[in-house]
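Residue numbers (the numbering used here), protein chains in the order written: chain F, 4 to 281; chain E, 732 to 845.
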């Protein structure tokens, strides 16, 4: 009994010592939000959900015109049809998710304590399919993006609330995603943060660089360059290739952890997916 | 500030690496009596370095195509070209591994507020 007490005291002590090395997601957000508020003093917080359109006047006007006849409308409708069509076994997506899959986007990605893994909405969609005897959909674009985009529309205006529980595995996943975001990689030796934090608002070739804050609110997004809805991880792969780094597999542990960190950063912003972008 | 400092550091690191990489390039295949075997050995080294960079999550996106070009050149009998391409692929991956090690130590330099 005594030994156990000593042991647990020792463990507690070790925990207390180890604590400062753990990630502090809440403190991270405070620093990051302050950073961007200072950099873009004229941008209202909720406007960060609109990426470059929050501060690039010309692009914003064009974008607002486009949004009058959204290019993703058909894809979202298609996503709704897919979402509502029962599987061969009679079950449907609604059976796999809380609240029948509606109005839940704001909580994704989630940490799943049982598997010790980060679960993105697209991964959950495919897990729902395979659990019901259907084949998994290819990631990145197409049907998976359409279903995910439809689900996002049912969360329109809801405030992003990605939770990192105080479970060492969740914190480790968050920290791994954070690390990936700040590591310089590829032949051009650049990190996500090089472009989307330290150069946000600056220009690279014909593009104005968007701030990382608000990135995940409007995904899946319709990309004119692809002429399709794409998932956020499709975009990660594109940005990795831009700096000549070999992308990770879509829905790999690396990208899921990155998405966890990246989405958590936007806690407090409204969901506005799908967006439309160049 | 930290950002600027790290830029300088990484520039230094990469310059140093390029110098080492370039000074190495003369040795291996050139002194070998059997050019065919030397080329095979170099390709093997390039692939090993690529696998190492990949395993660390730092492979560069054009390494594989350089290796493929090297193999095509070798098949076509252009050993000099194949040699140069394998060498390039190997050096890329050596740099990528260094980059991974550097990132592992210094990634926090780009975190705002640090």
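Cβ coordinates follow ideal geometry from the N, Cα and C atoms, glycine included.
Remember, predicted model here, so these are calculated numbers, not experimental data.
It is roughly 42 Å from the alpha-carbon of residue 193(F) to the alpha-carbon of residue 98(F).
A distance below 9 Å separates the beta carbons of residue 154(F) and residue 86(F).
The stretch 39 to 46 of chain F makes contact with the stretch 196 to 213 of chain F: 3 or more CB pairs, one atom from each, lie closer than 8 Å. Apart from sequence neighbours up to five positions away, the residues of its chain that approach residue 800(E) with a beta-carbon distance below 7 Å are 816, ordered along the chain.
Shown in chain order are the members of the stretch 190 to 205 of chain F whose Cβ falls below 8 Å from a Cβ of chain E: 190, 192, 194, 196, 197, 200, 201. At a cut-off of 9 Å between beta carbons, residue 766(E) makes no contact with chain F. Within chain F, not a single residue places a beta-carbon under 8 Å from that of residue 828(E); the smallest gap is close to 12 Å. The C-beta of residue 208(F) has fewer than 16 other C-beta atoms within 10 Å across all chains shown, which makes the residue exposed.
Fewer than three Cβ pairs drawn from the stretch 96 to 115 of chain F and the stretch 230 to 238 of chain F lie within less than 8 Å of each other, which leaves the two stretches out of contact. Interface annotation for the stretch 767 to 797 of chain E against chain F: 784, 785, 788, 789, 790, 791, 792, 793, 794, 795, criterion Cβ-Cβ distance under 9 Å. Listed by position along chain E, the residues whose Cβ is nearer than 8 Å to that of residue 247(F) are 791, 792, 793. If only uninterrupted alpha helix (DSSP H) runs of at least 4 residues are considered, those enclosed by the stretch 154 to 232 of chain F are 171 to 185. Residue burial is scored here from C-beta neighbours: residue 91(F) has fewer than 16 other C-beta atoms within 10 angstroms and is therefore classed as exposed. Put simply, the stretch 45 to 53 of chain F does not touch the stretch 113 to 126 of chain F. Fewer than three CB pairs are less than 8 Å apart. DSSP, reduced to helix, strand and coil, places residue 279(F) within a strand of the structure shown.
Residue-level contact check: residue 841(E) touches chain F, since one or more beta carbons of chain F fall below 9 Å from its beta carbon. About 3 Å separates the CB atoms of residue 189(F) and residue 248(F); that is less than 8 Å, so the two are in contact. In the DSSP assignment, residue 839(E) falls outside any alpha helix (DSSP H) and carries neither an H nor an E.
Bounds of the beta strand (DSSP E) holding residue 114(F) are 113 to 115. Contact between residue 269(F) and residue 70(F) is ruled out by a C-beta separation of about 20 Å, above the 8 Å threshold. Counted as a single uninterrupted DSSP element, the alpha helix (DSSP H) harbouring residue 245(F) occupies residues 235 to 245.
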